[in-house]
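Trainee: Please read through the structure below; I'll follow up with questions.
Numbering (the UniProt record's numbering), first residue to last: 1 to 223.
Here is the structure:
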């Protein structure tokens, strides 16, 4: 077994102990981790006790792999400081516009410089169900704890029976070289508009976190 930085272990499945570990983990249910790319070993996260059915040819490839957890949690092999440079600034919106034009068409800064109190106007692509734009205010940008909260203040779901909608991003340090990013959505909706809840999905934010992971990987490869 080779050590993959401080939190992920890479196993090639060749030894008896590794085959036993693979057998034990395979009985724990579906894999909670997705690895991008082709696949001869598997990964174990020592702290979270997670593994994956994906296979990787080497430790080096594993270190460069794109890793994400299900249910709105993404694991990345980058320092928390690098991830926060994206999540804690206006760079996040710019990456979404560039990498995910089907999610967000344009972002205009109405007020602020990316810190607490910043107001953005988000313009969605033509054909987006229910709405064309929304305005959001960064109610929290906490550099120390690496927490960002964006509250919708105009348009969007507020025009369709929602009285409150916000998304929170946390960048959680696991070790010096790794972090976990977490997205949480909160909302309140009028009873008569309850059917519109079907338009709310954490998957959108998982897709955004995947785009950020891809961006960070490209930046790292370019160094």
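Backbone N, C-alpha and C define an ideal beta-carbon position, used for all residues, glycine too.
1. Excluding the five sequence neighbours on either side, which residues of its own chain have a C-beta within less than 6 angstroms of the C-beta of residue 106, listed in chain order?
2. Enumerate in chain order the residues of its own chain whose CB-to-CB distance from residue 89 is below 6 angstroms, with the five nearest sequence positions on each side excluded.
3. Pick out the complete alpha helix (DSSP H) segments inside the segment 170-223, 4 residues or longer, and give them in chain order.
4. Which residues does DSSP list as the beta-bridge partners of residue 111?
5. Can you check which of these residues, 199, 204, 167, is closest to residue 135 by C-alpha distance?
6. In three-state terms, what does DSSP make of residue 104?
7. Grab me the residues of residue 184's own chain with a C-beta within less than 6 angstroms of its C-beta, minus the 5 sequence neighbours each way, in chain order.
8. Should residue 108 and residue 98 be called a contact, given that it needs their Cβ atoms to be closer than 8 angstroms?
9. Alpha carbon to alpha carbon, what distance is there between residue 191 and residue 94?
10. Can you tell me which of 186, 204, 81, 87 puts its alpha carbon nearest to the alpha carbon of residue 151?
Mentor: Here's the rundown:
1. 123
2. 114
3. 203-221
4. Paired residue(s): 119.
5. 167
6. coil
7. 168
8. no
9. Straight through space, the alpha carbons of residue 191 and residue 94 are spaced by roughly 35 angstroms.
10. Residue 151 has its Cα closest to that of 186, out of 186, 204, 81, 87.
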